[in-house]
Structure formats: C-alpha cells, structure tokens
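**Q** Have a look at this one.
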Amino acid sequence: MRFIALAFSVLALVSCQSTPKPGGNDPYNITLNFVGSPTGNQKAAFNAAAARWQQVITKGLPEEKLQIPANDCGDGFPAHNVTVDDLLIDAAVVDIDGPGGVLAQAGPCYARDADDLPYYGVMMFDSADLEQLEADGQLQDVIFHEMGHVIGYGTLWNYERSLLAGAGSSDPRFVGANAVREWRALGGTGNVPVENTGGQGTRDSHWRESVFQTEIMTGYLDAGVVNPLSRVTIGSLQDLGYAVNYAAADPYDLPGLKASSAKKVPLNVILIRPKGSR
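Read left to right, the sequence shown gives residues -20 to -1, 1 to 258 (mature numbering (1 follows the signal peptide of the UniProt record, and there is no 0)).
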C-alpha cells in the first residue's frame, strides 16, 4: 500500500500485500465510519452518496489490511486495524472554523500498490457549514461531491498517472481517453477543460465552472437546480482504473455560452493530495 500524505504533513511511504478476492461478480463497496456527531439526516446523506458511487463503480478491488494509529490521516481520526473491502472512509462532522470558512477536508490517504486506487480516505466537514447547506437543500450534493474526491476525482489525476496537463496554467486539461471521448460526444473539442481559477482546493482538481456550470464535479454547486453527474466524470474514473457504469450518469448537455442564473456556492475545501504528485 502507498501512504498518501496530507498537503500539510510529511509522512512516510509504506507498503504491504493486498489480498485478491475470489472470482465472480464482486461489487464495489464503500464502508463509512462516522466520527464526531453527524445528525440523522447527515448520516443518511453520507449513506446515499456512498450508494450512488457504488452504482457508478461496478467492480470490487483487492482487499487491503489497514493498520494505522489514531490521527494518522489528520487530527481526530481513529486508529484502525481492519481488512478493507473496498474503500473505508472516516466521515467526520466537527467544528472547524464556523460558518463561511473551510467547508471540508477530503481525499484518499492510502492507495493500493497494484493499481494506485485508494482503500482508505477521510471526509471532515465543518458542522456549521454543513447545517447551512442542509437548510439550503444542498446537503446530498456536497457530500456526494466530496466523496468523489476520496475515490480519486481531482486528487489522483497525477498520482502515478499523467491525466492532468497544464496544471497551474491558464488552460489546464484532463487528458484521459475515456473522459475526453465523453467530452467530445457532448460537442466539446480537444481535451477536457479543468478549473483554472480559485485556490488550491478548487483549481486543477475540478471541471471548469465556466464550461460545465451545473455539473456536480465543478468547484461550485448551483443552488436551487439539479447538479447532474455527467458521463465525462464517470469516464474520468475509468481513466483512473475503475470499472464503471455509464448508465448511472444523469442527463447532461453542455450549457454553451449562456451562464447559469443559479446562485453559485463555492466549495471551500482542503483536498488531501497524493504524496509526490507531478
């Protein structure tokens, strides 16, 4: 296994053997471990997000032994000594900095040697911000979005891969063949536009808001409208190495030059990124 360090930590790389599963139709499983005091509605939203990602990803991965001390992937997260099938997520709702500050911290912490796909990650939400999003009817969307980062969207693009070209430039692009195919099927040209504005938790790790607008994996949520999951996003997961189900996508068309009139809610997050990303 590979350890994936927090952006603000310096931690070692360790390895161990994964355990292949028996043959047959092995589904992809996400196990949630709740930390802090999430409400019943918040737990339900986490569970619904996991269920939907399990519809998107169709095939299980080798089991992994996870042995870590408390606080290994951030303060407040528990110790683990378990076998993981296929992804374990510690999901925390705590006081970070109050309303309007950092919404969340999310991403993968450990990845398999064989395929560089994660088997342990964390999601930590600020309780005040999550309460406001719940009141605004956006709880489900934001949890689904951040869980996507734990799975690897925007956090594993250049971890032992070269799927993001032009990071830090005015025109970063995602170059994975499957996402590019779906992007072009929508009428796009070239490679997939990636966000070129915002802070470290936004640019180079989401689809470009000015192009995709309401798509759920841009760096902004659109209030009061559907934020669809596109086939482009599902294709990007196939480019990471997952087996995927394109039928799980929502109906989505590129909005063209017409800007969405919906209120934009920025997702101010700290992404946990792979150690040694290019």
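Every residue gets a Cβ at the ideal spot worked out from N, C-alpha and C, and that includes glycine.
None of the values given here were measured: they were computed from a predicted structure.
Suppose the cutoff is 6 angstroms on Cβ atoms and the five residues either side in sequence are ignored; what does the same chain contact list for C53 look like?
**A** C89 and V102
**Q** Based on the DSSP secondary-structure assignment, which residues constitute the bridge partners of H60?
**A** I48
**Q** Cα-Cα, which of T19, F57, S185 and D75 is closest to A115?
**A** Nearest C-alpha to A115: T19.
**Q** Can you give the Cα-Cα distance for N176 and A147, rounded to whole angstroms?
**A** 8 angstroms
**Q** Consult DSSP for K39 and reduce its assignment to one of helix, strand or coil.
**A** coil
**Q** Are the stretch 21 to 36 and the stretch 108 to 125 touching, with three or more C-beta to C-beta distances below 8 angstroms?
**A** Yes, since at least three Cβ pairs between the stretch 21 to 36 and the stretch 108 to 125 fall closer than 8 angstroms, the two stretches touch.
**Q** Does the distance from the CB of V174 to the CB of P152 come in under 8 angstroms?
**A** For the 8 angstroms CB-CB criterion, V174 and P152 form a contact.
**Q** Could you give the first and the last residue of the continuous beta strand (DSSP E) run that contains P201?
**A** Pro is not the amino acid found at residue 201; the sequence shown has Leu there. Counting along the chain, the beta strand (DSSP E) containing L201 begins and ends at Y200 to D202.
**Q** Could you please give the first and the last residue of the uninterrupted alpha helix (DSSP H) stretch that includes T213?
**A** R211 to L220
**Q** When you compare only the Cα positions, how much space is there between Q34 and Y139?
**A** Distance between the alpha carbons of Q34 and Y139: 22 angstroms.
**Q** Determine the direct distance from the alpha carbon of A91 to that of F(-18), and round the result to whole angstroms.
**A** Per-residue confidence for F(-18) stands at a pLDDT of 43, beneath the threshold of 50, marking its modelled position as unreliable; the derived number appears in the next sentence. F(-18) and A91: Cα-Cα distance of roughly 7 angstroms.
**Q** Got a sec, what are the start and stop residues for the beta strand (DSSP E) residue 259 sits in?
**A** Given a span of -20 to 258 for the chain in the structure shown, any question on residue 259 remains unanswerable.
**Q** Using 8 angstroms for Cβ pairs, my map puts L46 next to H60. What's the rounded Cβ distance?
**A** 5 angstroms
**Q** Give every residue of the same chain whose Cβ lies closer than 7 angstroms to the Cβ of K39, excluding the five residues on either side of it in the sequence, and list them in chain order.
**A** These residues qualify, in order along the chain: D6, Y8 and A223.
**Q** Is the Cβ-Cβ distance between N13 and A71 less than 8 angstroms?
**A** yes
**Q** Give the single residue among F154, Y99 and D77 whose Cα lies nearest to the Cα of G170.
**A** F154
**Q** Can you look up Y226 in the DSSP assignment and give me helix, strand or coil?
**A** The DSSP-derived three-state label of Y226 is helix.
**Q** Which residue's Cα is closest to the Cα of V64: I10, G16 and A31?
**A** Looking from the CA of V64, the closest CA among I10, G16 and A31 belongs to I10.
**Q** Cβ of I250 within 8 angstroms of Cβ of V82?
**A** yes
**Q** Assign A31 to buried or exposed, taking buried as 16 or more other Cβ atoms, counted over all protein chains shown, within 10 Å of its Cβ.
**A** exposed
**Q** Determine whether the Cβ of D109 lies closer than 8 angstroms to any Cβ atom of chain C.
**A** This model lacks chain C altogether; it includes just one protein chain.
**Q** Within 10 Å of its beta-carbon, does Y133 have 16 or more other beta-carbons around it, so buried, or fewer, so exposed?
**A** buried
**Q** Considering only the alpha carbon of each residue, which of L119, P79 and L217 lies closest to G204?
**A** L119
**Q** For R188, collect the residues of the same chain with a Cβ closer than 8 angstroms to its Cβ; drop the 5 residues on either side in sequence, then sort them by chain order.
**A** P173, V174, E175, N176 and T198
**Q** For a test of the three-state rule: what should DSSP assign to L110, helix, strand or coil?
**A** Helix, per DSSP.
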